[in-house]
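Participant: Pasting in a structure now, in structure tokens, and then I'll have a few things to ask.
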Amino acid sequence: MDRITGFLQARMDRASAGFASELRSKRLTVVLGRWLGTAFVICFATGVFSHLLQDPPGWMVFPTRPVWIYQLTQGLHVTTGIAAIPLLLAKLWSVFPLLLHWPPVESVLHALERASIALFVASSLVELATGLLNTYKWYPWPFPFRQTHYWLAWVIIGSLALHIAVKLPVIAQHWRRTGGNCYSDEEPRATEKAGAPNRRSFLTAVTAATAFTVLATAGQSFGWLAPANLFAPRRQGTGPQGVPVTRTAAEAQVTRSSAGEDWVLTVRTRSGLAMFTLAQLRSLPQTEHELPVACVEGWTQTARWRGVRVRDLLAAVGAPPDSDLRFTSLEKDGNYRLMTMPAVYSQDELTLLALELNGAPLDLDHGYPARIMAPGRPGVLQTKWVQRMEVL
Ligand SMILES: Nc1nc2c(c(=O)[nH]1)N[C@H]1C(S)=C(S)[C@@H](COP(=O)(O)O)O[C@H]1N2
Ligand SMILES: [Mo]
198 MDRITGFLQA RMDRASAGFA SELRSKRLTV VLGRWLGTAF VICFATGVFS
248 HLLQDPPGWM VFPTRPVWIY QLTQGLHVTT GIAAIPLLLA KLWSVFPLLL
298 HWPPVESVLH ALERASIALF VASSLVELAT GLLNTYKWYP WPFPFRQTHY
348 WLAWVIIGSL ALHIAVKLPV IAQHWRRTGG NCYSDEEPRA TEKAGAPNRR
398 SFLTAVTAAT AFTVLATAGQ SFGWLAPANL FAPRRQGTGP QGVPVTRTAA
448 EAQVTRSSAG EDWVLTVRTR SGLAMFTLAQ LRSLPQTEHE LPVACVEGWT
498 QTARWRGVRV RDLLAAVGAP PDSDLRFTSL EKDGNYRLMT MPAVYSQDEL
548 TLLALELNGA PLDLDHGYPA RIMAPGRPGV LQTKWVQRME VL
């Protein structure tokens with residue numbers, strides 16, 4: 198038995214010696230952890246915000262201004278998530294010898310600490326990888342993306358909090374530049390001085406890699422970065438009428454004939470039914486303004502939308518302006534066929550049943566004959582091919 202453990206111990210020592218590097222130090226790990234922790238916290242908070250907007254609890258307060266609030270939070274969510282990938286890889290590299298620590302478990306506390314790190318690393322890798330693939334609209338797994346992404350986020354934040362609590366003494370000791378020392382040596386050594394510039398160049402390389410990844414993708418969310426967008430899947434100004442499309446009419450099985458001549462908008466109030474043809478909707482007062490479509494998958498595009506204010510429509514059928522509404526799309530199935538709109542949006546002067554985009558009738562892919570455009574809401578709630586509006 199002793200021989201076996203002795204043999205394993207020697208193998209491990211050799212393996213970690215092989216990976217030993219002047220660059221690795223607690224200071225480096227702490228610096229990377231600061232960046233990674235910040236990215237994760239921003240990503241988590243903006244993700245929870247997005248989740249709450251889509252599944253609102255009773256106490257939820259819905260911010261409608263600035264109109265680009267969801268563009269900002271979702272852009273931050275996707276951008277910090279992407280930035281976390283090189284940071285997490287660099288951080289894993291910086292602690293790699295510790296993962297080969299022998300014996301693997303020294304005490305109950307040590308076992309718990311390692312278990313929490315294992316949970317954190319595994320769930321982070323799954324979360325970041327599936328999140329990244331999601332921005333490419335690729336769902337090659339059998340589980341529902343949103344729920345899994347949401348619950349894994351809590352596992353990550355929980356295990357991160359535990360990890361930070363356990364490492365607090367090390368973090369406190371190495372937070373500032375003074376007092377950095379190497380894993381292989383608890384005492385500061387002479388080579389530390391020589392190692393410092395290398396460590397700085399490693400940090401510079403990680404920062405450059407992160408900045409490059411961010412710059413080359415954030416253009417999908419923020420227009421002023423659009424020219425730098427090299428890798429992100431959606432490009433500003435592409436698609437019918439210069440606006441990208443997430444789900445096309447063909448994918449939603451909406452055709453020219455289903456959205457054709459005999460299309461009518463049905464409005465159900467508490468007292469009865471009303472119908473509007475497209476010509477009748479066009480004869481109501483039209484309003485035009487700029488609003489962003491901010492997709493949960495990260496891209497945003499601002500465009501000029503024109504149509505009937507939802508609150509004018511409510512007034513036309515004699516319904517109170519502060520009504521919660523439910524919209525149904527022509528689409529036969531699909532996650533976004535039904536959409537509930539809290540009263541803050543129904544009565545907002547910027548919330549439109551849009552008939553036109555950038556000065557022309559909506560393309561079928563953009564929701565012809567009519568779609569919802571409201572300020573500050575996720576793209577998934579900007580329902581296309583609207584057929585029915587119900588006052589709840
Ligand atoms: N009925 C319906 N409306 C929908 C969708 C859908 O699949 N079905 N997709 C939504 C999503 S995910 C986004 S981001 C926006 C995109 O709008 P666009 O395709 O017109 O650019 O429409 C939303 N409206
Ligand atoms: Mo979307």
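Residues in the sequence shown are numbered from 198 upward in steps of one, following my numbering. Positions of the beta carbon are idealized from the N, C-alpha and C atoms, including for glycine.
1) Please work out which residues of its chain come closer than 7 Å, Cβ to Cβ, to Gly376, disregarding the five sequence neighbours upstream and downstream, and give them in chain order.
2) If you draw a straight line from the C-alpha of Thr277 to the C-alpha of Ile239, how long is it?
3) Less than 7 Å separating the Cβ of Arg444 from some heavy atom of ligand 1?
4) Using the C-alpha atoms, what's the distance from Leu578 back to Asp545?
5) If you reduce the DSSP assignment to three classes, tell me which class Ala413 lands in.
6) I need the straight-line Cα distance from Leu488 to Gly436, nearest angstrom please.
7) How many Å lie between Ser526 and Phe428 at the Cα?
8) Using 8 Å as the threshold, is the C-beta distance between Glu485 and Trp496 below it?
9) Please report how far the alpha carbon of Leu330 lies from the alpha carbon of Tyr336, in whole angstroms.
10) From Ser320, Ser321, Arg396, Asp530, pick the residue whose C-alpha is nearest to that of Ser291; which is it?
11) Considering only heavy atoms of ligand 1, does any lie closer than 7 Å to the CB of Lys529?
12) Shorter than 7 Å, the distance from the beta carbon of Val275 to the closest heavy atom of ligand 2, or not?
13) Ligand 1 and Arg534: does the residue's C-beta get closer than 7 Å to at least one heavy atom of that ligand?
14) How many Å lie between Trp338 and Leu481 at the Cα?
15) Going by beta carbon distance, what residues of the same chain come within less than 7 Å of Leu316, once the five residues before and after it are set aside?
16) Relative to the C-alpha of Arg221, which candidate in Trp299, Pro294, Ile266 has its C-alpha closest?
17) Is any heavy atom in ligand 2 found nearer than 7 Å to the beta carbon of Val577?
18) Is it a yes or a no for the segment 440-457 touching the segment 528-542, going by three-plus beta-carbon pairs under 8 Å?
19) Run through the DSSP bridge pairs and tell me what Trp502 is partnered with.
20) Which whole-angstrom value is the C-beta distance of Ala287 and Val367, which I expect to be below 8 Å?
21) Excluding five sequence neighbours on each side, which residues of the same chain lie with their C-beta closer than 7 Å to the C-beta of Trp232?
22) Can you name, in chain order, every residue of its own chain whose Cβ lies under 8 Å from the Cβ of Gln584, other than the five neighbours on each side?
23) Answer with buried or exposed for Ile361, where buried requires no fewer than 16 other C-beta atoms within 10 angstroms of its C-beta.
Facilitator: In this structure, then:
1) For Gly376, the predicted structure reports a pLDDT of 48, less than 50, and the residue's modelled location is therefore unreliable. A value from the coordinates is still provided. Once the five neighbours on either side are set aside, the close Cβ partners of Gly376 are Gln370.
2) Distance between the alpha carbons of Thr277 and Ile239 is about 7 Å.
3) Yes, Cβ of Arg444 sits closer than 7 Å to a heavy atom of ligand 1.
4) Rounded to whole angstroms, the gap between the alpha carbons of Asp545 and Leu578 is 15 Å.
5) Of the three classes helix, strand and coil, the one that applies to Ala413 here is coil, per DSSP.
6) Roughly 17 Å between the two C-alpha positions.
7) So the alpha carbons of these two residues sit roughly 32 Å apart.
8) By the CB criterion at 8 Å, Glu485 and Trp496 fall outside the cutoff.
9) Straight-line Cα distance between these residues: approximately 7 Å.
10) Taking only the C-alpha atoms, the option nearest Ser291 is Arg396.
11) For ligand 1, not one heavy atom lies less than 7 Å from the Cβ of Lys529.
12) Because no heavy atom of ligand 2 lies under 7 Å away, the Cβ of Val275 does not count as near it: no.
13) Arg534 Cβ: within cutoff of ligand 1.
14) Between Trp338 and Leu481, the C-alpha separation is close to 46 Å.
15) Here the set comprises Val352, Ser356.
16) Residue Pro294 holds the alpha-carbon nearest to the alpha-carbon of Arg221 among Trp299, Pro294, Ile266.
17) True, at least one ligand heavy atom lies under 7 Å from that Cβ.
18) Taking a contact to require three or more Cβ pairs closer than 8 Å, the segment 440-457 and the segment 528-542 qualify as touching.
19) DSSP output for Trp502 lists His486, Leu554 as bridge partner(s).
20) With a Cβ gap of about 18 Å, Ala287 and Val367 do not count as contacting.
21) The answer, listed in chain order, is Leu284.
22) The beta carbon of Gln584 lies closer than 8 Å to those of Trp460, Leu462, Thr463, Thr525, Ser526, Leu527 in the same chain, with the five residues before and after it left out.
23) With fewer than 16 other Cβ atoms within 10 Å, it is exposed.
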